[in-house]
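With the working numbering applied, the sequence shown corresponds to residues 50 to 283, in that order. We put the beta carbon where it would ideally sit given N, CA and C, even for glycine. Notes follow once the structure below has been shown.
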Amino acid sequence: YDWWIRRFRRTLEQVDIARIDHFRGFAAFWEVPAGEETAINGRWRPGPGTAVFEATQAKLGPLPLIAEDLGLITPDVETLRDELGFPGMRVLQFAFGDSGSRNPHLPANHPRNSVAYTGTHDNDTTVGWYRGAAPAERAGVRKLLGREPRADEIHWEMIDLAFQSPADFAVIPVQDVLGLGSEARMNTPGVGEGNWGWRVAEDALTKAAQARLLEMTRVNRRVPAFASLSRDNL
């Protein structure tokens, strides 16, 4: 696993914590013969499981990683995530669908060993999402808040919900801190054009936004502590 070890080492030289995209591939992956024109004619094959992470930890020590466990996740993926002790992901934009109180993305259902997001790079911004949200989703937001949210405050409402989550950590895209709409969306899955082009302007994060984010962070006792991956030590 030398390639993986070197990749993890380089990544963690640049960031405090990293997300393993398509984590389920370490439990099982879809193998497609090289000559196939589509991915239909494939088969599931077992992934490396814990081995690649154990080899990396032996070289680098504890790994501050998040397991991307969104979408159709099978029990073997959850078992692998839990065996490794990696936090999974909960996304507030997914919390207001058809699953009612059982929806795993509702803050009340977030396990401590998880990371609460308002949205990810594959989602619309919170403002853009709410503008296009279905009536049932808007009703779910109202029910959770106990009131009608102000349209110009929806990003702060969702940030506060993420910070109030039982999850040990919360991740907020800067587009949501700035209250930007769909024009600032980073990526649209399945669309080949116009992605990954948005950039934050140097002067975009105003003193007012900084102060409000800092106050929310303090009130909810969310301060930088990625090295521990637990709020117990705060």
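In the structure shown, Y166 adopts extended strand secondary structure according to DSSP, grouped into three states. The beta carbon of W245 is closer than 7 Å to those of M235 and N236 in its chain, skipping five residues each way along the sequence.
Close CB contacts of H204 within its chain, under the 7 Å cut and outside five residues either way in sequence, are with T175, V176, D225 and G228 (chain order). As DSSP reads the structure, E80 sits in a beta bridge with R92. Contact annotation: the stretch 178 to 196 does not touch the stretch 117 to 132, with fewer than three C-beta pairs closer than 8 Å. Comparing C-alpha distances from L121 to each of S231, E62, E197 and F78 shows the shortest one belongs to F78. For V220, the uninterrupted beta strand (DSSP E) segment begins and ends at F218 to V220.
At a Cβ-Cβ threshold of 8 Å, V140 and L114 do not count as neighbours. In the assembly as shown, T60 is an exposed residue. Its beta-carbon has fewer than 16 other beta-carbons within 10 Å. For P238 against G168, the beta-carbon gap comes to about 13 Å, at or over 8 Å, which does not count as contact. Cα atoms of A157 and G74: separation of roughly 28 Å, rounded to the nearest angstrom.
Here D171 has N236 and P238 as same chain residues with Cβ atoms under 7 Å from its own Cβ, once five neighbours each way along the sequence are excluded.
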